[in-house]
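A.B. asks:
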Amino acid sequence: MNKNELKQLKLDEEGSISADLFITDCRLSGALGNDDKNAVDMEERNRTSEKRKFRNKRRKHIFKKRQKIYKKRKYLRKKILQCLSQPNQITMSDNQQKEESKQIEMCSTKMQSLTEEQKSIVQQAFEKAEKNPALSFNGEYGCLHSIDILLLKPRRWLNDEIINYYCAMLEKRNKMEINRHKCNIILMNSFFYAKLVVNGYDYAAVSRWTKPAQIKKRGFSGNVKTIFDLDKVIFPINMNNHWFCCCLNIRYKRIEFYNSINFDHSQLYVIFKRYINDEIHDKKLTIKEDWSYYTPTGIPLQDNNCDCGVFTCKFIDWLCDDLVPDFKQKDIYDFRLKIAYEIITDKLL
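Taking the UniProt record's numbering, the leading residue of the sequence shown gets 1, the next gets one more, and so forth.
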């Protein structure tokens with residue numbers, strides 16, 4: 001019963017009461033004849049019936065409202081009892097809040113610019129490299145040359161030496177900082193995809209990359225024997241001089257692509273789905289889940305033709321920390337300086 005119906009019933013009841021008072025006055029004054037009395041009696045009966053209907057409707061309406069209130073109170077009582085009887089749920093909520101706070105802190109750290117002193121170190125390295133382009137730089141993760149370092153200056157296309165070196169730094173961070181996140185990840189270098197598709201498709205060319213012995217060399221415990229015991233396998237891809245990143249998300253059974261330009265990855269999806277099936281067969285596993293295609297919405301995009309390598313490095317950086325990439329083209333200049341500083345000092349910030 002809505003408000004309009006209630007209002008109308010109230011008016012009808014008021015009209016009925018007024019009519020009753022008028023009839024009573026007429027009877028007392030003797031103004032009614034026999035025929036009139038019969039008509040009045042009939043009218044009284046009709047009004048009594050209408051009043052009865054009104055009261056019944058009102059009772060039903062009140063009863064329904066009380067039922068709703070009772071059900072709501074019952075539901076709230078049940079929820080309160082559940083919380084009191086399962087304190088672990090409250091603890092989990094606290095842990096989730098801590099994890100969210102940790103992720104926000106990580107994002108904030110990733111977006112911090114270099115200090116003036118750090119920028120000065122990078123500038124000096126650039127000047128030194130320009131004076132002697134043939135100079136080699138032997139770092140912990142391999143050998144780079146001055147010409148490679150100079151590619152981190154603005155509006156220059158990154159080569160595989162810089163990207164693979166940076167990926168090696170990220171993978172070491174994943175191993176060393178065990179409590180940084182709860183994500184077991186393997187980072188492949190750019191040669192993984194290049195070898196996989198060198199002759200159209202060649203699983204044998206990369207099958208040894210994920211043997212149990214190779215995974216153990218990466219620092220994982222004996223419980224991790226295949227890539228399917230991990231959370232993610234991440235690697236950069238170069239297609240027609242354009243860099244982007246692929247993530248085999250084992251946790252969610254997705255083949256994910258992070259690309260700084262709009263691109264159709266459907267053919268690559270078929271290749272990596274085939275690779276996963278070959279990997280299952282080669283490792284003699286019985287996994288039957290279907291793997292979905294996934295490209296995130298709102299991913300950062302480039303507005304030029306030279307920054308794809310920097311985007312790819314930062315995509316991998318964020319994915320290693322189990323974060324959704326959240327930066328813009330305007331941040332790329334700072335990212336270039338930051339990557340240069342991290343490579344020069346052999347330490348991620």
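For glycine and all other residues, C-beta sits at the position ideal for the given N, C-alpha and C.
R156 by DSSP, collapsed to three states: which one?
C.D. replies: Three-state result, R156: coil.
A.B. asks: Do you know how far the Cα of T295 is from the Cα of F263?
C.D. replies: Those two C-alpha atoms are separated by around 10 Å.
A.B. asks: State the Cα-Cα distance for the pair E342 and H281, rounded to the nearest angstrom.
C.D. replies: Whole-angstrom Cα-Cα distance: 40 Å.
A.B. asks: Which same chain residues end up closer than 7 Å to N159 when comparing Cβ atoms and leaving out the 5 residues on each side of it in sequence?
C.D. replies: Answer for N159: D148 and L151, listed in chain order.
A.B. asks: Is W209 helix, strand or coil when you go by DSSP?
C.D. replies: In this structure, W209 counts as helix in the three-state DSSP scheme.
A.B. asks: Decide yes or no for the touch test of the segment 105 to 121 against the segment 324 to 336: beta carbon pairs closer than 8 Å, at least 3 of them.
C.D. replies: Result yes; three or more Cβ-Cβ pairs closer than 8 Å.
A.B. asks: Measuring alpha carbon to alpha carbon, tell me which of C246, I185, L301 and D307 ends up nearest Y193.
C.D. replies: Of C246, I185, L301 and D307, the residue nearest in Cα terms is C246.
A.B. asks: Looking only at DSSP bridge pairs, what is P236 linked to?
C.D. replies: In DSSP, P236 forms a bridge with C245.
A.B. asks: So H145 is in the beta strand (DSSP E); what residue range does that whole segment cover?
C.D. replies: Run containing H145: G142 to H145, per the beta strand (DSSP E) assignment.
A.B. asks: So which of F327, C167 and N249 has the shortest CA-CA distance to E289?
C.D. replies: Closest option to E289, Cα to Cα, is N249.
A.B. asks: May I ask you to list the residues that DSSP assigns as paired with E105?
C.D. replies: Beta-bridge pairing links E105 to no other residue.
A.B. asks: Cα separation between S136 and A340?
C.D. replies: Those two C-alpha atoms are separated by around 15 Å.
A.B. asks: Between R156, N199 and I121, which has its C-alpha nearest T345's C-alpha?
C.D. replies: When each option's Cα is compared against that of T345, the closest is I121.
A.B. asks: For V310, does the count of other Cβ atoms within 10 angstroms reach 16, so buried, or fall short, so exposed?
C.D. replies: The residue in question, V310, is buried, as its Cβ has 16 or more Cβ neighbours within 10 Å.
A.B. asks: Considering only their Cβ atoms, is the gap separating N189 from C167 smaller than 7 Å?
C.D. replies: Yes; because the gap between Cβ atoms is below 7 Å, this pair is in contact.
A.B. asks: Helix, strand or coil, according to DSSP, for I255 in the structure here?
C.D. replies: Looking at I255 - three-state DSSP - the assignment turns out to be strand.
A.B. asks: Out of N259, D307 and D321, which has the shortest C-alpha to C-alpha gap to E100?
C.D. replies: Comparing Cα positions, the closest option is D321.
A.B. asks: Which residues does DSSP pair with Y294 in a beta bridge?
C.D. replies: Its beta-bridge partners are E256.
A.B. asks: Are the beta-carbon atoms belonging to K283 and T226 less than 7 Å from one another?
C.D. replies: Going by C-beta atoms, K283 is nearer than 7 Å to T226.
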